[in-house]
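Asks:
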Amino acid sequence: MKMKRISSILSLIVMGTLFFSSCSKTEKKRIRLDETATVSIPAHSGDSIFIVESSDVPNSLKTKLSEAGMEMENIKDITLGAMEMIVTNPTNSSFSFCTAINVYLTGGSNDILIATINRPNLDYLNMNPIFLTRPVTDLIEYFKNDNLKYKVVFTMRRDNNEAYEVQLKPIYFIETEKSK
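If you count by our numbering, then the sequence shown holds residues 4 to 183, one letter each, in order.
1) Answer yes or no: does any C-beta atom of chain C fall closer than 8 Å to that of PHE100?
2) Which ranges would you report for the beta strand (DSSP E) in the segment 89-119 if only whole runs of at least 3 residues count?
3) On the CB-based measure, 16 or more other CB atoms within 10 Å of its CB, does MET88 come out buried or exposed?
4) Using CA atoms only, rank isn't needed, just tell me which of THR179, THR109, LYS181 is closest to VAL60.
5) Suppose you measure from the CA of THR136 to the CA of TYR167; what does that come to, to the nearest Å?
6) Does DSSP classify ASN77 as helix, strand or coil?
7) One question on the structure: do ILE81 and PHE146 come within less than 8 Å of each other, judged by their Cβ atoms?
8) Could you compute how far the alpha carbon of ALA103 sits from the alpha carbon of SER51?
9) Tell me whether the segment 63-78 and the segment 153-171 touch, counting them as touching only if at least three CB pairs, one residue from each stretch, are closer than 8 Å.
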């Protein structure tokens, strides 16, 4: 009899806890945003640092937010989850033409470093694609614009006798929260 009463009390406590935790007053969502941009590196000689910019990339954040039932004012944080870079032309190329790469997001109050790699080790830069490391930053200010734009700084290993096309594939995560 005593065991039955304890079991009933425990069941009530568990049910009450579940009920009150399900009555959260805020709704939180994490949204993934995949973007793609391309930069061109012309054939050149003599420069040890080469800076190129992408063309404008339409910002699809508002569409993603709308699909998730959120709005711009519900954004709490935007961070870069991953940055993949691929040499798309010439085919079968790698990043062996450089020793360092810094990728900036432009359009805010200042250009902000979002991804970097500094590996004079040829083993890694001989790969295609490569993944860059990401400094921890909040990017909300930059996503208020209708378009995104990237600036890429290549520290060159050697002169380039041929032009390169490099595709940037950033993956952003947007943390949102709104009252129910």
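No residue lacks a Cβ here, since even glycine has one placed at the ideal position from N, Cα and C.
Quantities reported herein were computed from a predicted structural model and do not represent experimental measurements.
Replies: So, from the data block:
1) Any reference to chain C falls outside this structure, which holds one protein chain only.
2) As summarised for the segment 89-119, the continuous beta strand (DSSP E) elements at least 3 residues long and confined to that stretch are 101-109, given in chain order.
3) MET88 comes out buried.
4) THR109
5) 22 Å
6) helix
7) At the C-beta level, ILE81 and PHE146 come within 8 Å of one another.
8) 11 Å
9) no
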